[in-house]
Amino acid sequence: MQNHRPHVRIEIPLRHRDVDQLGHVNQAVYHVLLEEVRAEFVHQALPDLPFTGYVLARSELDYRRELHIEDRYVIGEAHVSALGRSSITIENRLLRPDGETVAAEGKAIVVAWDSEQRRARPLSEEERGMLMPFA
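Remember, the numbering used here sits 255 above the position in the sequence shown when you count from 1.
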């Protein structure tokens, strides 16, 4: 996400249960935090469409810095980096409270889903139009 202005930016509180025996936020929690960022992204980018219309197909995550409960919250950012026939590639990252130190960064590929047919479906023109401002 370097040199790209994020289109979704939210603060997410850290909880005591997020911390493991090593005294830092557990690695699995980073995925949960990024899931919250993606959910907010879908809410902002596609406000009139159900979140259940999309499934996570791929998730990549690079850990850069530890997070601690003393940080109190993280900043999550996300934007669209690519649109496929049925997929949306979302680049996302977690920042420490200073707003500059990257704790983790990666990308997720979300696929438009037909819940009746139980398979991927093409993105509609309406969806593409709503997503373009976030690219």
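For every residue, glycine included, the Cβ atom is placed at its ideal position computed from N, Cα and C.
Which one of the options has the shortest CA to CA distance from residue i?
i, options, result
"E266", "G331, R376, T344 and G308", "G331"
"D317", "A300, Q282 and A294", "Q282"
"A337", "E360, V365, A358 and T356", "V365"
"R383", "V263, L277 and A300", "A300"
"A358", "R320, M385 and Q372", "R320"
"A363", "H298, P268, E315 and L304", "E315"
"I345", "T356, L269 and R313", "R313"
For residue i and residue j, what's the separation of their Cα atoms in angstroms?
i, j, result
"F296", "H334", "8 angstroms"
"P302", "V287", "21 angstroms"
"F389", "I343", "11 angstroms"
"M387", "E381", "10 angstroms"
"H271", "I324", "6 angstroms"
"Q257", "L322", "Model confidence at Q257 stands at a pLDDT of 49, short of 50, so the residue's coordinates are unreliable; what they give is reported in the following sentence. C-alpha separation (whole angstroms): 20 angstroms."
"Y328", "A375", "35 angstroms"
"P352", "H262", "18 angstroms"
"V369", "E360", "Checking the displayed sequence, the identity of residue 369 turns out to be Asp instead of Val. Going by the C-alpha atoms only, they are around 29 angstroms apart."
"V280", "D273", "5 angstroms"
"A367", "L378", "6 angstroms"
"Q372", "R340", "17 angstroms"
For residue i, report the span of its beta strand (DSSP E) as first-last.
i, result
"H286", "Unbroken run through H286 is the alpha helix (DSSP H), Q282 to A300; no beta strand (DSSP E)."
"E197", "Since the first residue of the chain shown is 256 and the last is 390, residue 197 is not available in this structure."
"L349", "S342 to L350"
"R272", "From DSSP, R272 is part of no beta strand (DSSP E); its letter is neither H nor E."
According to the neighbour-count rule (16 or more other Cβ atoms, all chains shown, within 10 Å of its Cβ), is residue i buried or exposed?
i, result
"E326", "The sequence shown places Asp at residue 326, not Glu. Buried, since its Cβ has 16 or more Cβ neighbours within 10 Å."
"D275", "exposed"
"L463", "It is not possible to answer for residue 463, since the shown part of the chain is limited to 256 through 390."
"R293", "buried"
Compute the beta-carbon to beta-carbon distance between residue i and residue j, rounded to the nearest angstrom, for a pair I have assumed lies under 8 angstroms.
i, j, result
"Y309", "L349", "About 21 angstroms; that fails the 8 angstroms criterion."
"L289", "N347", "5 angstroms"
How is the alpha helix (DSSP H) around residue i delimited, first residue to last?
i, result
"R383", "E380 to L386"
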